[in-house]
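Student: Please find one structure pasted underneath; my questions will follow.
Number of protein chains: 2
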Amino acid sequence: MKIVIIGGVAAGAKAAAKARRNLRDGEIIIYTDDTHVSYSACGIPYFIEGNFDDYKTLLVRSPEEFEASGIKVRLRHKVSKILPESKQILVQNLDNQNAFLDTYDKLIIATGASPVIPPIKNNCFKHIYTVRKIEDAINIKKQMQNSKRAVIIGGGYIGLEMLEAFVKNNVYTTLIERSEYLMPGLDEDMSIYIKEQLNLIKENKFEIVTSDAVIEFCGNVDGVTSAETANGRIIDCDIVIICVGVRPNVELARDAGIKIGETGAIEINKRMETSIPDIYACGDCSEENLIITNTPVWMPLGSVANKSGRCAAINACGGFDEFEGVLLSAVTRCLKLTVAMTGLTEKAAQKYNIKTASVIVTKFDKVGYMPDAKNIRLKLVADKKTGKLLGGQSIGAGDSDKRINTLATALLAGLTVKEFEQNDLTYAPPFSPTIDPLLNAAQILKGKIEGESQKTELT
Amino acid sequence: MKIVIIGGVAAGAKAAAKARRNLRDGEIIIYTDDTHVSYSACGIPYFIEGNFDDYKTLLVRSPEEFEASGIKVRLRHKVSKILPESKQILVQNLDNQNAFLDTYDKLIIATGASPVIPPIKNNCFKHIYTVRKIEDAINIKKQMQNSKRAVIIGGGYIGLEMLEAFVKNNVYTTLIERSEYLMPGLDEDMSIYIKEQLNLIKENKFEIVTSDAVIEFCGNVDGVTSAETANGRIIDCDIVIICVGVRPNVELARDAGIKIGETGAIEINKRMETSIPDIYACGDCSEENLIITNTPVWMPLGSVANKSGRCAAINACGGFDEFEGVLLSAVTRCLKLTVAMTGLTEKAAQKYNIKTASVIVTKFDKVGYMPDAKNIRLKLVADKKTGKLLGGQSIGAGDSDKRINTLATALLAGLTVKEFEQNDLTYAPPFSPTIDPLLNAAQILKGKIEGESQKTELT
Numbered sequence: 001m002k003i004v005i006i007g008g009v010a011a012g013a014k015a016a017a018k019a020r021r022n023l024r025d026g027e028i029i030i031y032t033d034d035t036h037v038s039y040s041a042c043g044i045p046y047f048i049e050g051n052f053d054d055y056k057t058l059l060v061r062s063p064e065e066f067e068a069s070g071i072k073v074r075l076r077h078k079v080s081k082i083l084p085e086s087k088q089i090l091v092q093n094l095d096n097q098n099a100f101l102d103t104y105d106k107l108i109i110a111t112g113a114s115p116v117i118p119p120i121k122n123n124c125f126k127h128i129y130t131v132r133k134i135e136d137a138i139n140i141k142k143q144m145q146n147s148k149r150a151v152i153i154g155g156g157y158i159g160l161e162m163l164e165a166f167v168k169n170n171v172y173t174t175l176i177e178r179s180e181y182l183m184p185g186l187d188e189d190m191s192i193y194i195k196e197q198l199n200l201i202k203e204n205k206f207e208i209v210t211s212d213a214v215i216e217f218c219g220n221v222d223g224v225t226s227a228e229t230a231n232g233r234i235i236d237c238d239i240v241i242i243c244v245g246v247r248p249n250v251e252l253a254r255d256a257g258i259k260i261g262e263t264g265a266i267e268i269n270k271r272m273e274t275s276i277p278d279i280y281a282c283g284d285c286s287e288e289n290l291i292i293t294n295t296p297v298w299m300p301l302g303s304v305a306n307k308s309g310r311c312a313a314i315n316a317c318g319g320f321d322e323f324e325g326v327l328l329s330a331v332t333r334c335l336k337l338t339v340a341m342t343g344l345t346e347k348a349a350q351k352y353n354i355k356t357a358s359v360i361v362t363k364f365d366k367v368g369y370m371p372d373a374k375n376i377r378l379k380l381v382a383d384k385k386t387g388k389l390l391g392g393q394s395i396g397a398g399d400s401d402k403r404i405n406t407l408a409t410a411l412l413a414g415l416t417v418k419e420f421e422q423n424d425l426t427y428a429p430p431f432s433p434t435i436d437p438l439l440n441a442a443q444i445l446k447g448k449i450e451g452e453s454q455k456t457e458l459t
Numbered sequence: 460m461k462i463v464i465i466g467g468v469a470a471g472a473k474a475a476a477k478a479r480r481n482l483r484d485g486e487i488i489i490y491t492d493d494t495h496v497s498y499s500a501c502g503i504p505y506f507i508e509g510n511f512d513d514y515k516t517l518l519v520r521s522p523e524e525f526e527a528s529g530i531k532v533r534l535r536h537k538v539s540k541i542l543p544e545s546k547q548i549l550v551q552n553l554d555n556q557n558a559f560l561d562t563y564d565k566l567i568i569a570t571g572a573s574p575v576i577p578p579i580k581n582n583c584f585k586h587i588y589t590v591r592k593i594e595d596a597i598n599i600k601k602q603m604q605n606s607k608r609a610v611i612i613g614g615g616y617i618g619l620e621m622l623e624a625f626v627k628n629n630v631y632t633t634l635i636e637r638s639e640y641l642m643p644g645l646d647e648d649m650s651i652y653i654k655e656q657l658n659l660i661k662e663n664k665f666e667i668v669t670s671d672a673v674i675e676f677c678g679n680v681d682g683v684t685s686a687e688t689a690n691g692r693i694i695d696c697d698i699v700i701i702c703v704g705v706r707p708n709v710e711l712a713r714d715a716g717i718k719i720g721e722t723g724a725i726e727i728n729k730r731m732e733t734s735i736p737d738i739y740a741c742g743d744c745s746e747e748n749l750i751i752t753n754t755p756v757w758m759p760l761g762s763v764a765n766k767s768g769r770c771a772a773i774n775a776c777g778g779f780d781e782f783e784g785v786l787l788s789a790v791t792r793c794l795k796l797t798v799a800m801t802g803l804t805e806k807a808a809q810k811y812n813i814k815t816a817s818v819i820v821t822k823f824d825k826v827g828y829m830p831d832a833k834n835i836r837l838k839l840v841a842d843k844k845t846g847k848l849l850g851g852q853s854i855g856a857g858d859s860d861k862r863i864n865t866l867a868t869a870l871l872a873g874l875t876v877k878e879f880e881q882n883d884l885t886y887a888p889p890f891s892p893t894i895d896p897l898l899n900a901a902q903i904l905k906g907k908i909e910g911e912s913q914k915t916e917l918t
């Protein structure tokens, strides 16, 4: 038995480790075009910020540890073709360009995702980075130490995390987001609050520009010196981070005839099987099932990659495991602000043709007399007809993520607002108000939905 | 329509406010033998600790605010008899001892609970307190400012909260718990960890004594001077807090012929109706339904009191509301340690004749490279036969309560370990490890249960 894994960041590395535990004998080999294997890409902004000094802290398992446990690791080896008929792969050693064929019994594709590079003129200057690999982490941190002004392009999760990192290192930062709001994945009535709250704490350390986009860089032999926006602003900078999103690395799979889903990522079933026998896919290159709607969705996140990698390995080793899917749960921190969400936003629900009822409350995260009580703004979204909870978004200096994890569990279980409102959450003054904001919101939303259905009955 | 409410701390005050909103016309009156109405008893330890200086901060609504909204409040008026046949109550004015009769259409009993006073010799010395009422808060805080050494009797929620309050005010404190462990409501394999962790941070500011009990106080005209224990220790002190538990105030209800449940609290249905028509009970004096087992339980907590008070008011006003019950969720903080739980412990499950499977994990609450990562020790308990989750306990410096609220939602929904393990919890390095301790524990527990059921199938 020989298991070949393509890619080794999160899903690939997890798959290898799990396969090793489940497979007494047999060969396991990881091919990756990367220079590192098994690392926490999500931790890069926190390394740059200075929470720890050695980039090696980001490495979960070293190639040596893999080898010691009987997993072969081939760094800088690009798999350029899969030949499903002969169960072979074509591999290219990126150091000496030698190509060779290898065989597999089971193949796990974990090729991940790559940063999207928007069409900006002169994006080849030095000190323009994306945030994805260990080299990015090292290079950005080094250049940041010589930088006075940074430009971040993109106001999503990574953009906000990089903003925190730069601000904490006293680099004046301009964050530019093309859409009208930061975190444009959220509903607008929530995302508007993020900019508002960040502007309250900016203390002349950063600026947030929305509804504008960088169209051209200027620079010299030493690197980038400024960025020009569509609205005509010229922003001096000596470091630029581009983080406008990622796309799944599916070329290899597509070329092999593996079915690509409507999300643009590799289509798989709950066992992580692709359309071709003995080939599995997991992590950021594959889609997942959205538990709420039972339809495919693409959710490139480290936690999901770990779970799907584990599932792929169990099945590739001859076991049986199913990964039910995702709830779109996510969280990020930017300075004192936590932004968390799970499930469907109202605008996402509309795309699924679900009529929604929603509520927004702004409440303290603990009893108001506690000196560290902070506001959180919480939105709950439910199916107007059935009352089933669809999702929630939470923004605030307070324990926003706590509420969202509670809510995710309700989505997993398919609870209605009425059922959820009966939840018995922990209460003590340092942890929540007597009635938690979540239950407060649920009470109001229940009233809305029941009022609605009463109206319907009357007509 | 005249609604009379007996008691006005949490359930009674909430019931009055809710009744006022639901009842356009009609009279609402609160009788209480207390000197204050509508206050946060749970906040008393935090007032004493010094999180805020004015005890009035603990008051949710003043008598004047109630009166302004059309709710009559009679402080220091003890209801000494209920006459259900004539729908009357006998009231005694505690200031002038005058007695009078009043009538009701609907009666809401919210008489709360009282501290248990263990049989300790000479417990009449000054500066021996329980923690329940506003006067207690004021008196303890005042005496604490003149105190050097405190004795706390009881190592439950309030004992631990008072320990924090005294230690933060530089009063050397000895906490004495009769049983072998602090928080004896938890499973022993968890509660043992609390003392262990507290001893790591005690820095000669407090001492924890278990398996011992105070049997006698010594003192003089100025107040208590020492406490002697069963094991012969004599502990000097100038303030004593007794917090060994509370018992429901049911005498009035029992005397009126209202059925008292097997828990010792007033028996009610989900609409908060007692065994006598037009009489409701809510808050600490009544039992609740335990959602997990669908059996009565007594859970004297502020959050529950608020919900049951609200429910009683809706029904008393002619509406329809059901309070499904509780999950036994609770949380407390002692210095850097958070202790939280929900659902059944293993020992509680055994009392219900449920065979359990359980797991304990000790994991970081966020990714280990984050500088503020802290261990949490987490226990999950499930039904060995069905795999249904029964409860969890969490102790640690980390975000223990977050995990317990997530779990409470799973209990509310009746999820099995296998279903729960598929949960999609938020992940980012400052908030959780890639695989949250909860899911990690669920994975292991699932394996245990499935291994068990496989063994059963084989035999």
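Residue numbers (my numbering), protein chains in the order written: chain A, 1 to 459; chain B, 460 to 918. Note that CB positions come from ideal geometry on N, CA and C, so glycine has one too. Nothing here was measured: the structure is a model prediction, and the numbers come from that model.
CB K838/B to CB I819/B, shorter than 8 Å?
Tutor: In the second sequence, counting from the first residue as 1, residue 838/B sits at position 379. In the second sequence, counting from the first residue as 1, residue 819/B sits at position 360. Going by C-beta atoms, K838/B is nearer than 8 Å to I819/B.
Student: I'd like to confirm the pairing. Which residues does DSSP put opposite H77/A in its beta bridges?
Tutor: For this step, residue 77/A is matched to residue 77 along the first sequence. Answer is N93/A, bridged to H77/A.
Student: Assuming contact is defined by CB atoms lying nearer than 8 Å, are A13/A and V60/A in contact in what I supplied?
Tutor: By 1-based counting over the first sequence, the position of residue 13/A is 13. By 1-based counting over the first sequence, the position of residue 60/A is 60. The answer is yes: Cβ separation under 8 Å.
Student: Whether or not the stretch 230-239 of chain A and the stretch 265-283 of chain A are in contact is what I'm after, with contact meaning three or more pairs of Cβ atoms, one per stretch, closer than 8 Å; do they touch?
Tutor: No: the two stretches stay apart, fewer than three of their Cβ pairs being nearer than 8 Å.
Student: Taking the alpha-carbon positions, what's the G219/A to I234/A distance?
Tutor: For the purposes of this step, residue 219/A is taken as the residue at position 219 of the first sequence. For the purposes of this step, residue 234/A is taken as the residue at position 234 of the first sequence. Cα to Cα, the separation comes out at about 12 Å.
Student: On the three-state DSSP scale, how would you describe V763/B?
Tutor: Looking up residue 763/B in the second sequence gives position 304. Helix at V763/B.
Student: Quick one: is K384/A near chain B, going by C-beta distance under 8 Å?
Tutor: Counting from one through the first sequence, the residue named residue 384/A turns up at place 384. No - not a single Cβ of chain B is within 8 Å of the one on K384/A.
Student: Once DSSP output is grouped into helix, strand and coil, what is the label at A887/B?
Tutor: Against the second sequence, residue 887/B aligns to sequence position 428. If DSSP states are grouped into helix, strand and coil, A887/B belongs with coil.
Student: Check whether the Cβ of K861/B lies closer than 8 Å to any Cβ atom in chain A.
Tutor: Numbered from 1 along the second sequence, position 402 holds the residue referred to as residue 861/B. Yes - at least one Cβ of chain A is within 8 Å of the one on K861/B.
Student: Give, in chain order, every residue of the stretch 537-557 of chain B whose Cβ lies closer than 7 Å to some Cβ of chain A.
Tutor: The stretch 537-557 of chain B vs chain A, Cβ under 7 Å: nothing.
Student: Taking a Cβ distance cut-off of 8 Å, strictly less, list which residues of the stretch 815-832 of chain B are near chain A, in chain order.
Tutor: Residues passing the 8 Å Cβ filter: V826, Y828, M829, P830.
Student: Which residues, in order along the stretch 778-796 of chain B, keep a beta-carbon less than 9 Å from a beta-carbon of chain A?
Tutor: Answer in chain order: E781, F782, E783, G784, V785, L786, L787, S788, A789, V790, T791, R792.
Student: What are the start and end residues of each continuous beta strand (DSSP E) run of 3 or more residues lying completely inside the stretch 734-820 of chain B, in chain order?
Tutor: For the stretch 734-820 of chain B, whole beta strand (DSSP E) runs of length 3 or above, ordered along the chain, are 738-740, 747-749, 754-756, 789-793, 796-802.
Student: Using 8 Å as the Cβ pair cut-off and three pairs as the minimum, do the stretch 251-266 of chain A and the stretch 313-324 of chain A touch?
Tutor: Output reads no: the stretch 313-324 of chain A does not touch the stretch 251-266 of chain A.
Student: Which residue or residues does DSSP assign as beta-bridge partners of T669/B?
Tutor: What you label residue 669/B is simply residue 210 of the second sequence in a count that begins at 1. BP columns for T669/B point to E636/B.
Student: Based on DSSP bridge pairs, tell me the residues matched to D236/A.
Tutor: Translated into the one-based positions of the first sequence, residue 236/A becomes position 236. Note: D236/A sits in a beta bridge opposite S226/A.
Student: What separation, rounded to the nearest whole angstrom, lies between the Cα atoms of K877/B and N899/B?
Tutor: Position 418 of the second sequence, counting from 1, holds the residue named residue 877/B. Position 440 of the second sequence, counting from 1, holds the residue named residue 899/B. If you take the alpha carbons of K877/B and N899/B, they lie about 12 Å apart.
Student: For I462/B versus G485/B, is the C-beta distance shorter than 8 Å?
Tutor: Locating residue 462/B in the second sequence gives position 3, counting from the first residue. Locating residue 485/B in the second sequence gives position 26, counting from the first residue. Yes.
Student: Can the beta-carbon of I30/A be found closer than 8 Å to that of V73/A?
Tutor: Here residue 30/A refers to the residue found at position 30 of the first sequence. Here residue 73/A refers to the residue found at position 73 of the first sequence. Yes, Cβ-Cβ distance for I30/A and V73/A is below 8 Å.
Student: If contacts are defined as beta-carbon pairs under 8 Å, then K847/B and T875/B qualify, I think. What distance do you get, rounded to the angstrom?
Tutor: Indexing the second sequence from 1 puts residue 847/B at position 388. Indexing the second sequence from 1 puts residue 875/B at position 416. Sure, about 5 Å apart at Cβ, within 8 Å.
Student: Going by DSSP in three states, Q393/A sits in which element: helix, strand or coil?
Tutor: Walking along the first sequence from the start, residue 393/A turns up at place 393. Q393/A: strand per DSSP, three-state reduction.
Student: In three-state terms, what does DSSP make of Y31/A?
Tutor: Position 31 of the first sequence holds residue 31/A. If DSSP states are grouped into helix, strand and coil, Y31/A belongs with the strands.
Student: I need the straight-line Cα distance from G850/B to T434/A, nearest angstrom please.
Tutor: The residue labelled residue 850/B in the question sits at position 391 within the second sequence. The residue labelled residue 434/A in the question sits at position 434 within the first sequence. Spanning the two alpha carbons is a distance of roughly 22 Å.
Student: Quick check on P248/A: does DSSP put it in helix, strand or coil?
Tutor: By one-based count along the first sequence, residue 248/A stands at place 248. Reduced to three states, the DSSP call for P248/A is strand.
Student: Considering only residues of the stretch 129-205 of chain A, which uninterrupted beta strand (DSSP E) runs meet the minimum length of 3 residues and lie entirely inside it, listed in chain order?
Tutor: Listed in chain order, they are 149-153, 172-177.
Student: In chain B, which residues lie less than 8 Å from P430/A when you measure between Cβ atoms?
Tutor: Within the first sequence, the letter at position 430 stands for residue 430/A. Under the 8 Å cutoff, chain B gives Y505, R792.
Student: On the DSSP bridge list, what partners appear for I836/B?
Tutor: Residue 836/B sits at position 377 when you count from the first residue of the second sequence. The amino acid occupying residue 836/B in the given sequence is Arg; Ile does not appear at that position. According to DSSP, R836/B bridges with T821/B, I854/B.
Student: Using a cut-off of 9 Å between C-beta atoms, extract the partners of F52/A located in chain B.
Tutor: In the first sequence, the residue the question calls residue 52/A occupies position 52. Correct list: Y828, M829, P830.
Student: For a contact meaning CB atoms closer than 8 Å, what does Y427/A contact in chain B?
Tutor: Looking up residue 427/A in the first sequence gives position 427. Per Cβ cutoff of 8 Å: C501, L760, G761, S762, S788, A789, V790.
Student: According to the neighbour-count rule (16 or more other Cβ atoms, all chains shown, within 10 Å of its Cβ), is I176/A buried or exposed?
Tutor: Residue 176/A sits at position 176 when you count from the first residue of the first sequence. Buried, by the Cβ-count rule.
Student: Since V381/A and T345/A should fall inside the 8 Å C-beta cutoff, what is the C-beta to C-beta distance between them, to a whole number of angstroms?
Tutor: For the purposes of this step, residue 381/A is taken as residue 381 along the first sequence, with counting starting at 1. For the purposes of this step, residue 345/A is taken as residue 345 along the first sequence, with counting starting at 1. Right, their Cβ atoms sit about 7 Å apart.
Student: Give the range of the beta strand (DSSP E) segment to which K106/A is assigned.
Tutor: In the first sequence, counting from the first residue as 1, residue 106/A sits at position 106. 106-109 is the span of the beta strand (DSSP E), which, as asked, contains K106/A.
Student: Let me know the secondary structure DSSP gives I462/B once reduced to three states.
Tutor: Here residue 462/B refers to the residue found at position 3 when the second sequence is read from its first residue. Three-state DSSP puts I462/B in a strand.
Student: In terms of DSSP beta bridges, what is Y505/B paired with?
Tutor: By one-based count along the second sequence, residue 505/B stands at place 46. In DSSP, Y505/B forms no bridge with anything.
Student: 8 Å is my cut-off, CB to CB: does D646/B come that close to chain A?
Tutor: For the purposes of this step, residue 646/B is identified with residue 187 of the second sequence, where counting begins at 1. No, its Cβ sits nowhere closer than 8 Å to a Cβ of chain A.
Student: Determine the DSSP secondary structure at D561/B, reduced to helix, strand or coil.
Tutor: Walking along the second sequence from the start, residue 561/B turns up at place 102. D561/B: strand per DSSP, three-state reduction.
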